[in-house]
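Asker: After the structure tokens below, expect a handful of questions from me.
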Amino acid sequence: MHYLTDEDVRSLELKANEIRQSVIEMLVEAGSGHTAGPLGMADIFTLLYFEILRHNPKDPFWEDRDRLILSNGHICPILYAVMAHSGYFPVSELLTLRKFGSRLQGHPHKETLPGIETSSGPLGSGVSQAVGMALAERINNPYSSKYFYCLTGDGELDCGQIWEAMMLGGKEKLHNLIVIVDRNGIQIDGYTKDVMPLEPLREKFESFNWDVQEVDGHNIRSINDAIGKAQAVYSQPSIIIAHTIPSKGIDVFERDFRWHGNPPGLGPEDFVKKSEQAAVALKKLRTLNGYINTHEYE
Amino acid sequence: MNMSNTLLAQHVNPNLFNSDVETAPNRNGYGNGLKEAGELDERVVALSADLVGSTKTNIFAEAFPQRFIQVGIGEQSLASVASGMAAMGKIPFIASYAMFSPGRSWEQVRTTIAYNGSNVKIIGAHSGISVGPDGATHQAIEDIAIMRVIPRMVVIAPCDVHEAERATLAIAKYVGPVYMRLARENTPVITTIGSPFEIGKADIYLTRDKAHKKTVGIISTGTVTYQALVAGRTLNEKGIGASVMHMATIKPLDKAAVLAFAQEHDVIVTVEEHQRMGGLGSSVSEYLSEVFPKKILRMGVDDVFGQSGTPEELLAHYKIDNASIVEGAQKFLQ
Ligand SMILES: Cc1ncc(C[n+]2csc(CCOP(=O)(O)OP(=O)(O)O)c2C)c(N)n1
Ligand SMILES: [Mg+2]
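Respectively, the protein sequence lines represent chains A and B. Count the first sequence with this note's numbering and you get residues 1 to 298, in order. Count the second sequence with this note's numbering and you get residues 1 to 334, in order.
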């Protein structure tokens, strides 16, 4: 982690916005896929790939890289988008998402795309894998400075396996393990509070002997600080509960669980007709939700 | 009426081979059937793991909110919660995607449902390769194998929306564990509302043109029975006498029907949206190898994982579409 100047923050925010636009273009071209999660996690992923991670997009198999494990594989459009924008592969390849023969599978596949640390999609197994990696690293190199970042959804926390892994991580005091939860309040069938209430969540994690922080998942500076603190914790694994807004950046799609698994063009029509969803989404992003004037893009 | 239609069984949709054939996802049939089953028997309850809408369990949940349980994303618990409810006299239907239930919950299904003799119905939606763009992680093409091998488990794969509805009603009445796999996509309506359905009964949907000398018996299950039927029609047009038997119940296997079919045709071809190993083709082969050894071509995914693509692209790529069945049968007969 480094100190971020105001300019750094501004440029990361703009980068995140550009990446959100890529996500929309990918989903529209694919005609299927998930909108809410990828948009909600765009700020965190941008910060991770452009500031935090020790990695080399030109050498994805570099031994000393940090590892990022995406447990909630369905939000992979955001992973693919930050990977392309940070140089793993050409941005133009993003438009092959979910197509026959593409390296950008509907859910990530480790073997087809260098830089993907694990295949995921079926929920609940990422924390276990991150724990396994951190345990192996401790054997390989007790003085390692690698970090293992694992991203999970909040609905995903329903999975029992998450808690089995949390217990092990706490027992083993895996200090180089940092889990970031996308606490966006939605899952497929509705709001998490209705489908399966998670609260008190912080206390649950604390009782499993993890260091817990909560952060505004759209405030670049706060996320940066939280990750810095998590890196500094030396006697426990860390978890950051990132409060995010599903579909962040497109106000007419925000906070609605029905955007979980639909691309623009197939989403709920309360505010925008299906036929206009793609164009409205891109315009909202380009104008920062109408906050700035730009010339008309059609 | 064209020539091929005269080969179709009476209870098959006469519009089947037309380009405007009606289509629907067969999970809709499950959704409607479950609601009917709930009306007929108040012991019927439904549970889902954050997939109420896409499995169509929402129809039951809206009609009987008191008898519906949302368990959250926890498929292993789902299986055992259902076992607990069955122990208290309920008839639980548990619905998720096949990859997660029974994919993730296999041991819980084996011990807490099958070994206990629990009257639980496991509904695996979005099975097969035709799930499409979601990719390999979501394409359940091993589910028939892992369920078929569990003692007592009945395994059913309806070919269309009507059959799925009838099968749902039938398994609600049947006492014992059942696995029913469903598809995601809109697929052609093959049967009619009045078509018969009985657990464990195979049905010949297309009977070969008796004028042809060379003969092939195609046995298929699930929604790819449509591909088998189109292939059967084409083969008859090409001078090969092809019949198509739909095997809605993979286990218990309708042995009498399989034996008679094998005796009547030169070769057997099996078709399923599943690995070639362990599914319908294996079941037919295991049985015939003991009682009536026979050349059997098993069409299915050949020991590889799937990938993203449209359902059509994937069916063609993994050679489960009608063109591949025609080609496979022709080569096999030579
Ligand atoms: C084991 C398993 N069960 C069910 C699913 C289907 N599924 C995909 S995403 C999802 C909801 C996940 O909720 P959350 O983690 O909060 O993600 P969000 O909707 O916020 O993107 C479900 C149930 C799955 N992928 N894996
Ligand atoms: Mg969520």
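The C-beta atom is built at its ideal place from N, Cα and C for all residues, glycine as well. Note that the structure is predicted; figures quoted are calculated from it, not measured.
If you measure from the CB of C159(A), is any heavy atom of ligand 1 nearer than 8 Å?
Answerer: Translated into the one-based positions of the first sequence, residue 159(A) becomes position 159. It does: the Cβ of C159(A) is within 8 Å (strictly closer) of some heavy atom of ligand 1.
Asker: Going by CA-CA distance only, name the one from A37(B), M247(B) and I129(B) that's closest to L315(B).
Answerer: Against the second sequence, residue 315(B) aligns to sequence position 315. Closest option to L315(B), Cα to Cα, is I129(B).
Asker: Does the stretch 152-169 of chain A touch the stretch 69-83 of chain B, meaning 3 or more C-beta pairs lie closer than 8 Å?
Answerer: yes
Asker: For L333(B), which residues of its own chain have a beta-carbon under 7 Å away from its beta-carbon, when the five flanking residues on both sides are left out?
Answerer: Your numbering for residue 333(B) matches position 333 in the second sequence. Excluding residues within five positions, the ones whose Cβ falls inside 7 Å are K214, V216, I240, D266 and V267.
Asker: Figure out for me which residue from E276(A), M196(A), Q213(A) and D194(A) has the closest Cα to the Cα of E203(A).
Answerer: Looking up residue 203(A) in the first sequence gives position 203. Ranking the options by Cα distance to E203(A), first place goes to Q213(A).
Asker: Span of the alpha helix (DSSP H) holding M83(A)?
Answerer: In the first sequence, counting from the first residue as 1, residue 83(A) sits at position 83. Its alpha helix (DSSP H) spans residues C76 to H85.
Asker: Can you look up Y49(A) in the DSSP assignment and give me helix, strand or coil?
Answerer: Walking along the first sequence from the start, residue 49(A) turns up at place 49. Note: Y49(A) maps to helix in three-state DSSP.
Asker: Just mark P151(B) as buried or exposed, buried being the case when its beta carbon has 16 or more other beta carbons within 10 Å.
Answerer: On the second sequence, residue 151(B) is found 151 positions in, with the first residue counted as 1. Burial call: exposed.
Asker: Considering only DSSP beta bridges, list what Y191(A) is partnered with.
Answerer: Within the first sequence, the letter at position 191 stands for residue 191(A). According to DSSP, which records beta bridges pairwise, Y191(A) is partnered with I186(A).
Asker: K284(A) and D251(A) look like a contact to me (Cβ under 8 Å); what is the Cβ gap, rounded to whole Å?
Answerer: Counted from its first residue, the first sequence places residue 284(A) at position 284. Counted from its first residue, the first sequence places residue 251(A) at position 251. Right, their Cβ atoms sit about 7 Å apart.
Asker: Can you check whether the C-beta of M99(B) is within less than 9 Å of a C-beta belonging to chain A?
Answerer: Position 99 of the second sequence, counted from the start, is the residue given in the question as residue 99(B). Cβ-Cβ to chain A under 9 Å: yes for M99(B).
Asker: At a Cβ threshold of 9 Å, is E156(A) touching chain B?
Answerer: Against the first sequence, residue 156(A) aligns to sequence position 156. Yes, E156(A) lies at the interface with chain B (some Cβ there is under 9 Å from its Cβ).
Asker: Within 10 angstroms of its Cβ, does Y3(A) collect 16 or more other Cβ (buried), or is it exposed?
Answerer: Here residue 3(A) refers to the residue found at position 3 when the first sequence is read from its first residue. With fewer than 16 other Cβ atoms within 10 Å, it is exposed.
Asker: Just the Cα atoms here: how many angstroms apart are Y97(B) and G33(A)?
Answerer: Here the question's residue 97(B) lines up with position 97 in the second sequence. Here the question's residue 33(A) lines up with position 33 in the first sequence. Those two C-alpha atoms are separated by around 16 Å.
Asker: To the nearest angstrom, how far is it from the Cα of I69(A) to the Cα of V179(A)?
Answerer: Residue numbering aside, residue 69(A) sits at position 69 when the first sequence is read from its first letter. Residue numbering aside, residue 179(A) sits at position 179 when the first sequence is read from its first letter. Roughly 9 Å separates the two Cα atoms.
Asker: Using a Cβ-Cβ cut-off of 9 Å, state whether T137(B) counts as contacting chain A.
Answerer: Taking the first residue of the second sequence as position 1, residue 137(B) is located at position 137. So, interface residue.
Asker: Of the residues D134(B), F93(B) and L229(B), which one's Cα is nearest the Cα of P177(B)?
Answerer: Counted from its first residue, the second sequence places residue 177(B) at position 177. Ranking the options by Cα distance to P177(B), first place goes to F93(B).
Asker: Runs of 3 residues minimum, wholly inside the stretch 79-112 of chain B: which ones carry the beta strand (DSSP E) assignment?
Answerer: 91-97
Asker: State the Cα-Cα distance for the pair H274(B) and V301(B), rounded to the nearest angstrom.
Answerer: Sequence index remark: in the second sequence, residue 274(B) carries index 274 (1-based). Sequence index remark: in the second sequence, residue 301(B) carries index 301 (1-based). Looking at the two C-alpha atoms, the distance is approximately 6 Å.
Asker: Tell whether a beta-carbon distance below 9 Å holds between P158(B) and G222(B).
Answerer: For the purposes of this step, residue 158(B) is identified with residue 158 of the second sequence, where counting begins at 1. For the purposes of this step, residue 222(B) is identified with residue 222 of the second sequence, where counting begins at 1. In contact: P158(B) and G222(B) (Cβ atoms closer than 9 Å).
Asker: Look up H243(A) in the DSSP assignment and give the residues it is bridged to.
Answerer: For the purposes of this step, residue 243(A) is identified with residue 243 of the first sequence, where counting begins at 1. Looking at the DSSP assignment, H243(A) forms a beta bridge with R183(A) and D216(A).
Asker: Determine the DSSP secondary structure at S71(A), reduced to helix, strand or coil.
Answerer: Mapped onto the first sequence, residue 71(A) falls at position 71. Three-state result, S71(A): coil.
Asker: If you draw a straight line from the C-alpha of V224(B) to the C-alpha of D182(A), how long is it?
Answerer: Within the second sequence, residue 224(B) is the residue found at index 224, counting from 1. Within the first sequence, residue 182(A) is the residue found at index 182, counting from 1. Taking the CA atoms as reference points, V224(B) sits about 39 Å from D182(A).
Asker: My understanding is that L51(B) touches V81(B), with C-beta atoms under 8 Å, so please give their C-beta distance in whole angstroms.
Answerer: In the second sequence, the residue the question calls residue 51(B) occupies position 51. In the second sequence, the residue the question calls residue 81(B) occupies position 81. Between V81(B) and L51(B) the Cβ distance is about 15 Å, and since that is not below 8 Å, they are no contact.
Asker: Let me check understanding here. Comparing Cα to Cα, which of V120(B), R298(B) and S283(B) lies closest to V291(B)?
Answerer: Numbered from 1 along the second sequence, position 291 holds the residue referred to as residue 291(B). If we check each option's Cα against that of V291(B), S283(B) comes out closest.
Asker: Closer than 9 Å, Cβ to any Cβ of chain B: which residues of the stretch 109-127 of chain A, in chain order?
Answerer: So the close ones are H109, T112, S119, S120, G121, P122, L123 and G124.
Asker: Between which two residues does the beta strand (DSSP E) harbouring P188(B) extend?
Answerer: Along the second sequence, one-based indexing puts residue 188(B) at 188. Unbroken beta strand (DSSP E) run through P188(B): N186 to P188.
Asker: Would you say the stretch 119-135 of chain A touches the stretch 159-169 of chain A, given that touching needs at least three Cβ pairs under 8 Å?
Answerer: yes
Asker: Write down the C-beta distance between G115(A) and P60(A) rounded to the nearest angstrom, noting that I regard them as a contact closer than 8 Å.
Answerer: Taking the first sequence and counting its residues from 1, the one referred to as residue 115(A) is at position 115. Taking the first sequence and counting its residues from 1, the one referred to as residue 60(A) is at position 60. About 4 Å; that satisfies the 8 Å criterion.
Asker: For K58(A), count the other beta carbons within 10 Å of its own beta carbon; 16 or more makes it buried, fewer makes it exposed. Which is it?
Answerer: Sequence index remark: in the first sequence, residue 58(A) carries index 58 (1-based). Result: exposed.
Asker: Could you name the residues that DSSP lists as bridge partners for C150(A)?
Answerer: One-based indexing of the first sequence puts residue 150(A) at position 150. Paired residue(s): I69(A) and V179(A).
Asker: For Q277(A), collect the residues of the same chain with a Cβ closer than 7 Å to its Cβ; drop the 5 residues on either side in sequence, then sort them by chain order.
Answerer: Residue 277(A) sits at position 277 when you count from the first residue of the first sequence. So the list reads P264, G265 and G267, once near-sequence residues are dropped.
Asker: Quick test of the definition: if touching needs 3 or more C-beta pairs under 8 Å, does the stretch 55-64 of chain B touch the stretch 29-39 of chain B?
Answerer: yes
Asker: Going by DSSP in three states, M1(B) sits in which element: helix, strand or coil?
Answerer: The residue labelled residue 1(B) in the question sits at position 1 within the second sequence. Only weak support is given to the placement of M1(B): the predicted model assigns it a pLDDT of 43, under 50, and the value that follows is read from those uncertain coordinates. In this structure, M1(B) counts as coil in the three-state DSSP scheme.
Asker: Is it buried or exposed, S22(A), if we count other Cβ atoms within 10 angstroms and call 16 or more buried?
Answerer: Translated into the one-based positions of the first sequence, residue 22(A) becomes position 22. It is buried - the Cβ of S22(A) has at least 16 other Cβ atoms within 10 Å.
Asker: Looking at the C-beta of M1(B), does it have a partner C-beta in chain A at a distance below 9 Å?
Answerer: The residue you call residue 1(B) lines up with position 1 of the second sequence. For M1(B), the predicted structure reports a pLDDT of 43, less than 50, and the residue's modelled location is therefore unreliable. A value from the coordinates is still provided. Residue-level contact check: M1(B) does not touch chain A, since none of the beta carbons of chain A fall below 9 Å from its beta carbon.
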